[in-house]
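Peer 1:
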Amino acid sequence: MKKLGLLGHPVSHSMSPKIFADQFSKAGRLDLEYLTYDLPQISDFHTFTSNNPDIVALNVTIPHKESILPFISEIDEEAKAIGAVNTLFKTEGKWVGYNTDGWGFRRSMQPFLKGRHERALIFGTGGAAKAVAYSLKLLGVDYYMVSRSPNKHQDLSNVIGFNDLTPEAIKHHLLLINCTPLGMHPDTEGCVEIPWEGVGKNHLIVDLVYNPDVTTFMFMALDKGAEVMNGLDMLRLQAERSWEIWLKNGL
Ligand code: NAP
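The end of the sequence shown is residue 719 by the working numbering, with every number in the run present.
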């Protein structure tokens, strides 16, 4: 049996095991098993992989998409440009990293993007936010990343603080994307604090969180008449892309 799985902390909320169980069954791959691996400290990665030699491929999630970089041997071009990985494959005992979040985000967004969505605010500055920022650049959408502590992110361009957000700034950016874990199960009441009076029916609101289906962020936006989508399509698409990468590598 070859083992694959999702590495992160927390991981119990994830739909990835169900998505991959369906994928393995569709492909007739009874030799594959996909589990969740809760790893609070990324510094334990080498111990974790030594203790689990049957693991051949991993997805990486919150909070390790960036902090895992020093532990992998090679990184593909898109992951390098983004600065985060969410997909790993073990080749000759070495871990190679890829990023499929950006691809999943672009593919899930494209049908919803209209001409007016030319400026975006990305809430969060973590691995997912970086993949979204990279993708918006490719899609020709200008953006700011919004952080709780903008001064800590001198290495990134276009970072502002939540305190900088005025109703006018919100009105000026018709695409708002939550890339923080706020609102994720089990703390479903969490939501970014923004001047909601600036949100209206021309806004497209995207929450990368998909559990629950409709997050507090989405409820608040629906109340203002905005169009909303959660991260489920992105999750499915990034998983599809990880599967293709693993097969290409000989899984
Ligand atoms: P991460 O690397 O830990 O980054 C999360 C970012 O959110 C942090 O950099 C932080 O930015 C901000 N943040 C954290 N706690 C916050 C709080 N209490 N209030 C405001 N901002 C906060 O996590 P990630 O991997 O980017 O994932 C973020 C979320 O996206 C998770 O919920 C994850 O499940 C989801 N996600 C979904 C998909 C999908 O396919 N749908 C894919 C990737 C990620 P600052 O410190 O700068 O404020």
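Note that beta-carbon positions come from the ideal geometry of N, C-alpha and C, so glycine has one too.
Remember, predicted model here, so these are calculated numbers, not experimental data.
Where Ser482 and Asp512 are concerned, what is the direct C-alpha to C-alpha distance, given to the nearest angstrom?
Peer 2: Roughly 21 Å between the two C-alpha positions.
Peer 1: Between which two residues does the alpha helix (DSSP H) holding Glu695 run?
Peer 2: Taken as a continuous stretch (DSSP letters only), Glu695 belongs to no alpha helix (DSSP H), being part of the beta strand (DSSP E) at Glu695 to Met697.
Peer 1: How is Tyr602 classed by DSSP in three states: helix, strand or coil?
Peer 2: Helix at Tyr602.
Peer 1: Quick check: is any heavy atom of the ligand NAP less than 8 Å from the C-beta of Thr648?
Peer 2: Result yes, Cβ under 8 Å from the ligand NAP.
Peer 1: Of all Cβ atoms in chain C, is any one closer than 9 Å to the Cβ of Met577?
Peer 2: Here chain C cannot be found, since the structure has a single protein chain.
Peer 1: Taking 9 Å as the cut-off, decide whether the C-beta atoms of Val524 and Ser541 are in contact.
Peer 2: No, Cβ-Cβ distance for Val524 and Ser541 is not below 9 Å.
Peer 1: For Met469, which residues of its own chain have a beta-carbon under 8 Å away from its beta-carbon, when the five flanking residues on both sides are left out?
Peer 2: Around Met469: Asp499, Leu500, Glu501 and Asp522.
Peer 1: In the DSSP assignment, what are the bridge partners of Trp563?
Peer 2: For Trp563, which the question treats as bridged, DSSP gives the partners Lys558.
Peer 1: Give the range of the alpha helix (DSSP H) segment to which Met688 is assigned.
Peer 2: Looking at the DSSP string, the run of the alpha helix (DSSP H) that includes Met688 is Thr684 to Asp691.
Peer 1: Got a sec: does the ligand NAP put a non-hydrogen atom nearer than 8 Å to the Cβ of Phe516?
Peer 2: The answer is no for Phe516.
Peer 1: Check whether the segment 675-693 touches the segment 645-665, counting contact only when three or more Cβ pairs, one atom from each stretch, lie closer than 8 Å.
Peer 2: The segment 675-693 is in contact with the segment 645-665.
Peer 1: Below 6 Å CB to CB, which residues in the same chain sit around Gly658 once its five sequence neighbours on both sides are set aside?
Peer 2: For Gly658, where only same-chain residues beyond five positions count, the Cβ hits under 6 Å are Leu650 and Gly651.
Peer 1: Assuming contact is defined by CB atoms lying nearer than 9 Å, are Cys647 and Gly608 in contact in what I supplied?
Peer 2: Not closer than 9 Å, so no.
Peer 1: Check whether the Cβ of Gly572 sits closer than 8 Å to any heavy atom of the ligand NAP, and report yes or no.
Peer 2: Checking the Cβ of Gly572 against the ligand NAP gives yes.
Peer 1: Anyone know if the C-beta pair for Leu643 and Ala588 falls short of 9 Å?
Peer 2: Yes; because the gap between Cβ atoms is below 9 Å, this pair is in contact.
Peer 1: Quick one: give me the first and last residue of the beta strand (DSSP E) that Lys470 is part of.
Peer 2: Run containing Lys470: Lys470 to Gly476, per the beta strand (DSSP E) assignment.
Peer 1: Could you tell me if Lys620 is buried or exposed, where buried requires 16 or more neighbouring beta carbons within 10 angstroms of its beta carbon?
Peer 2: It counts as exposed.
Peer 1: What does a CB cutoff of less than 7 Å around Leu633 pick up in its chain, not counting 5 residues either side in sequence?
Peer 2: Excluding positions up to five away in sequence, the list reads Val614, Ile662 and Pro663.
Peer 1: DSSP three-state label for Gly666, please.
Peer 2: Gly666 falls in the helix class under three-state DSSP.
Peer 1: Counting Cβ pairs closer than 8 Å, one from the segment 712-719 and one from the segment 573-590, do we hit at least three?
Peer 2: Contact fails: fewer than three Cβ-Cβ distances are below 8 Å.
Peer 1: Taking only three categories from DSSP, how would you classify Arg704?
Peer 2: Arg704: helix per DSSP, three-state reduction.
Peer 1: So, are the CB atoms of Gly583 and Glu546 less than 9 Å apart?
Peer 2: No, they are not a contact pair.
Peer 1: DSSP three-state call for Arg575: helix, strand or coil?
Peer 2: Three-state DSSP puts Arg575 in a helix.
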